[in-house]
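Just so we're aligned: 380 in UniProt numbering is position 380 of the sequence shown, and the numbers increase by one with no gaps anywhere. The beta carbon of each residue, even a glycine, is placed where N, CA and C say it ideally should be. Please read all numbers here as calculations on a predicted model, not as lab measurements. Since the structure comes first, as structure tokens, the remarks are kept for the end.
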Amino acid sequence: MVKSTGKALVIVESPAKARTISKFLGKNYQVEASIGHVRDLPGGKKDMPEKYKSEDWAYLGVNVDEGFEPVYIVPDEKKKQVKKLRDALKEADELYLATDEDREGEAISWHLQELLKPKVPVHRLVFHEITKEAIEAALASPRSIDDGLVDAQETRRILDRLYGYDVSQLLWRKIGRGLSAGRVQSVAVRVIVERERERMAFHSATYWDLEAIFETGKPQSFPATLTHVGDRKIPSGKDFDPDTGLLKNPQLLQMDQQAAEALAEKLQSADFAVASVENKPYTERPKAPFTTSTLQQEANRKLGLTARNAMRAAQKLYENGYITYMRTDSTMLSNEAVKAARELVQSEYGENFLHASVRTYASKVKNAQEAHEAIRPAGTVFRKPESLRGELNKDEFRLYDLIWKRTVACQMADAKKRRTTVVIKGGDATFQASGTSIEFEGFLRAYVEGSDDPEAELADKETLLPAVEQGEALSAKNLNPKDHSTKPPARYSEAALTRILEEKGIGRPSTYASIIETIQARDYVYKKGGALVPSWTAFSVVRLLETHFGALVDYEFTAQMEDFLDAISRKEAERLAYLKEFYFGEDQRGIGLKPKLTAKIDEIDPRLTAMFSLGTPQSGEHREEVFVRVGKFGPFLEQGERRGSIPDGLPPDEMNLEKALELIESSSRDDEPLGNHEETGKPIYLKVGRFGPYVQLGENDDEEKKNKSIPKMVAPENVTLELAHQLLALPRNLGEYAELEADIEANDGRYGPYIRCGKETRSLPAGMSPLEVTREQAIELLKQPKTRGRAAPKEPIKVFDDPSPVTENPVRLLEGRYGPYVTDGDTNASLPKGTVPEELTFNEALDLLAERAAKAPKKKKKAKKKTAKATKKKAAKKKAAKKKTAKKKTAKKKTAKAKKATKKGTVKKP
């Protein structure tokens, strides 16, 4: 065991990592967590130190006038943790900074050193896995903080702030508040919007061919597809122009249904024979071990995990010592890892499955400082997945299993396959059948990309054809005409977006998870199934940036910016000149963001930016051009003076002129009232909003208008004026309930229909309407225990065996109004989205509580309660002061009256 000469303080990022490392260190080491970054740029001018608040650049937190010097502050939620670290440092003789070995980790170590100002020796520890051997090796050879990596991170942070804050403010003014722009975020949105544009411009084409079932004399049957009629080839989807739907080569034979059926009829009497048989052996090699990007892609394809959930699970696996560092661009494996993988191949699969020599994979990594290993199981002996099933939650187990298989497979033998192509001719028609056979599984025995079960996938990957010979006669058992339609390019899934961003060199794979999460949170993108669909707001933002700030969303420029940051990390470039070019445009190569923004403020017409033409109808009463408009409250349709709402979830590529006119007509009908309210005389409208159909009493601009949702069991077309009156009359009085000494009211609210009696409320069960529920039914509901709210505490989902090390209270997992959360009696922490509550471990619960406690604002001191005596004294004092004031006023009035009388001579002299 490594020993410190005195008391040493080791600082890492997370409590989980701290706990794991502390297992490998002796009692002379105290391991604490910074819980992420301890300093950052201010959130805005309000957070700036007082001396900078009057500066023009204060809102940025970066002094653009003096060398782009950043101003760092300790956020309120981190002050408690910083104090804890300072107190721990007072007791230490040495400080070890053991944060992650990438840019962000290096920057955290630098900030800790700058903030804590240690007077003891400082060492930087780096390791790519949290194992005893790795920690001991790091302690044996510590290094200094890498200034290149710190400068690269700081430059990235400054660029993101300049871009994000200034461009976002422009979007607020020209499109709508709450929008944001970002160096990588905006480019990612553009990628998704461009794909949707391709889908909108796409013209589908239909073509027909024949599918046949041929039978040998054995008899054995197999399918084949028509490829030629005479010398003319039958087209496939790639032969059509996606912009026109027309054939690229008019010499190809595009059949319609009638022609295909006629050909099938003609070939019924034809004689068929095998024209040729071709067998081609080929090999398939295993993929490289995982990088951050390929892990996210495979976790999405194979396990259905979002990028965020995949990285969250990988982070836990790393911090608890199961895998190596999960933020890496490298496909390299250490000698120890290769040895461990090859030994597993021999023991698990046999000598025949081991590749003859050590496999190596070329790495794309440009930075030696960040050229870690690929992601692999930790240690010199890889623990088998099954041995960890009881230690990991579901996502962590599945991800570890994926990493284990991919790592082992990379040292396995090639898969040997054979592709067979059979060409059949008869009656001027040519058919083709293709088959694949696996002659040796090789690495596929352990890992099939995109599949959970290699055994099952091997069977699916084989398409076996019967053994036939050239000239052999065949009989056609079925000749079926089949139609095909060309499909628009598929939308990006998270995996596909991650791949395209990496291919273009945009951003870093370690940031993709947060980027995908951000663009969804900003309503630029939403998910439809697993596909990422852009909103009309995204279209508007991308158009504005492309038109007026093309370089900011240019793929090559963004990739070059990433290359520049890499060059800074290698100390091959200096940042000041680049930042000046980017922000002020002092060089011809520069963007000149600030002056360009100033110039564009008056030039950009928000109306034009937010209008998208759908075309002009050629018939009908209304001939004006139809537009999609992006307004302050979302997108809508516009045709002259007519307006129409766009339903939530309708993708832009499904919005054409025909659909738009249908929606405008529907909205026009909505503008016709059902009738007038019998008491107020105001019109009653039937409308459809974001949250479903409702009735509205009064016009849109009526400050006293009233809305009521339509019950789910009632179809909008069945809403009558009478029903609308009943809904608008809610709440409905059902009479008194003597036990609670209050009337019962039935109503419909945000969370559905309910009844209320005094302070007691109960939700109405499905199918029971607030318009029909009786007093007796309501009383029965009130007699039952409350199923939601504070009055009905639920049983805990789980109570952990060990108490909290902080509060010494039980740690419980509960179901709350907004989802499951953990509590230690003092702090509550919600579970991240996608977490299965039953699989939450004790350590994960402690991590969530620690992170939440660090973010919690300081508790205000409670004001001391005033005693009755003090209150009485204060009241008496107030009364006396009031009396004194009244006397002064009376005296002043008398004096004024006397002066007035003297002036008039009415006062008698004594």
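*If we ignore side chains and look at the alpha-carbon of each, how far apart do Leu771 and Arg756 end up?*
Those two C-alpha atoms are separated by around 14 Å.
_Closer than 8 Å is the cut-off here; do at least three beta carbon pairs connect the stretch 614 to 621 with the stretch 170 to 188?_
Because the criterion of three Cβ pairs below 8 Å is not met, the stretch 614 to 621 and the stretch 170 to 188 do not touch.
*Alpha-carbon to alpha-carbon, Ala299 and Arg177*: 35 Å
*How should Pro15 be labelled, buried or exposed, when 16 other C-beta atoms within 10 angstroms of its C-beta is the threshold for buried?*
buried
_Using a 10 Å radius around the Cβ and a threshold of 16 neighbouring Cβ atoms, would you call Asn656 buried or exposed?_
exposed
*Out of Glu808, Thr807 and Asn828, state which residue places its alpha-carbon closest to the alpha-carbon of Glu815.*
Closest by alpha carbon: Asn828.
*Quick one: what's got a C-beta closer than 8 Å to Phe842's C-beta in the same chain, skipping five residues either side?*
Phe800, Asp801, Asp802 and Val811
*If you pair each beta-carbon of the stretch 189 to 207 with each one of the stretch 233 to 244, do three or more pairs fall below 8 Å?*
yes
*Coarse secondary structure for residue 911, derived from DSSP in three states*: With the chain covering only 1 through 910, there is no way to say anything about residue 911.
*What first and last residue would you give for the alpha helix (DSSP H) that runs through Gln113?*
Arg103 to Leu116
*What residue does the alpha helix (DSSP H) around Val338 start on, and which one ends it?*
Run containing Val338: Asn335 to Glu348, per the alpha helix (DSSP H) assignment.
*With distances taken from CA atoms, which of Ser769, Met412, Gly350 and Val120 is nearest Arg359?*
Met412
*Beta carbon of Leu263 nearer than 8 Å to that of Leu210*: Against a cut-off of 8 Å, the Cβ pair of Leu210 and Leu263 comes out as a contact.
*Which two residues bound the contiguous alpha helix (DSSP H) that contains Met48?*
Per DSSP, Met48 belongs to no alpha helix (DSSP H) and is neither H nor E.
*With contact counted as at least three CB pairs below 8 Å, one residue from each stretch, are the stretch 724 to 738 and the stretch 702 to 716 in contact?*
Verdict: yes, contact present.
*State whether the stretch 160 to 168 contacts the stretch 142 to 149, with contact taken as three or more CB pairs (one from each stretch) at a distance under 8 Å.*
no
*With residue 913 and Ala313 assumed to form a contact (beta carbons below 8 Å), what rounded beta-carbon distance in angstroms separates them?*
The chain is shown only over 1 to 910; residue 913 falls outside these bounds and no answer can be derived.
*Using three-state DSSP, classify residue 911 as helix, strand or coil.*
This structure leaves residue 911 out entirely; the chain is present only between 1 and 910.
*Ordered list of beta strand (DSSP E) runs contained in the stretch 649 to 730, each at least 3 residues*: 683 to 689, 692 to 697 and 706 to 709
*From this set, Ala415, Ser540, Glu494 and Gly43, which residue's C-alpha is nearest Asp605's C-alpha?*
Ser540
_residue 949 to Ile130 span [Cα, whole Å]_ = Past the edges of the chain, shown from 1 to 910, lies residue 949, and the structure says nothing about it.
*asked:* Taking its Cβ as the centre, do 16 or more other Cβ atoms sit within 10 Å of Arg790, making it buried, or is it exposed?
replied: Note on Arg790: pLDDT 44, under 50, position unreliable in the model; no value is reported.
_Integer Cβ distance of Ile438 from Ala307, believed to fall under 8 Å_ = Rounded, the Cβ-Cβ distance is 32 Å, inconsistent with contact.
*Since Val74 sits in a beta bridge, which residues does DSSP pair it with?*
Val74 pairs with nothing; no bridge assigned.
*Got a sec, what are the start and stop residues for the beta strand (DSSP E) Asn480 sits in?*
Ala473 to Ser485
*Classification of Glu556 by the beta-carbon crowding that lies within 10 angstroms, buried from 16 upward*: exposed
*Determine the extent of the alpha helix (DSSP H) in which Asp151 is found, giving its start and end residues.*
Asp147 to Lys174
_I'd like the ranges of any beta strand (DSSP E) spanning at least 3 consecutive residues and lying wholly in the stretch 758 to 803._
List check, beta strand (DSSP E) in window: 760 to 763 and 798 to 803.
*For Lys571, which of helix, strand or coil comes out of DSSP?*
In the structure shown, Lys571 falls within a coil segment according to DSSP collapsed to helix, strand and coil.
_Thr225 beta carbon less than 8 Å from that of Gln432_ = yes
*asked:* With a threshold of 6 Å on Cβ separation, who are the neighbours of Leu9 within its own chain once the five nearest residues in sequence on each side are excluded?
replied: Gln30, Ala88, Leu89, Ala92 and Leu95
*At a cut-off of 7 Å, is Glu265 close to the ligand FAD when judged by its beta-carbon and the heavy atoms of the ligand?*
As presented, the structure is devoid of all ligands, the ligand FAD included, so that no description of it is given.
*With a threshold of 16 other CB atoms inside 10 Å of the CB of Lys17, please say whether the residue is buried or exposed.*
buried
*Quick one, which of Asp231, Ile664 and Gln258 has its alpha-carbon nearest Gln251's?*
Asp231
*Identify, in the order they occur along the chain, each residue of the same chain with its Cβ nearer than 6 Å to the Cβ of Gly237, setting aside the five sequence neighbours on each side.*
Thr486
*In whole angstroms, what is the alpha-carbon distance linking Val191 and Lys27?*
One C-alpha to the other measures close to 53 Å.
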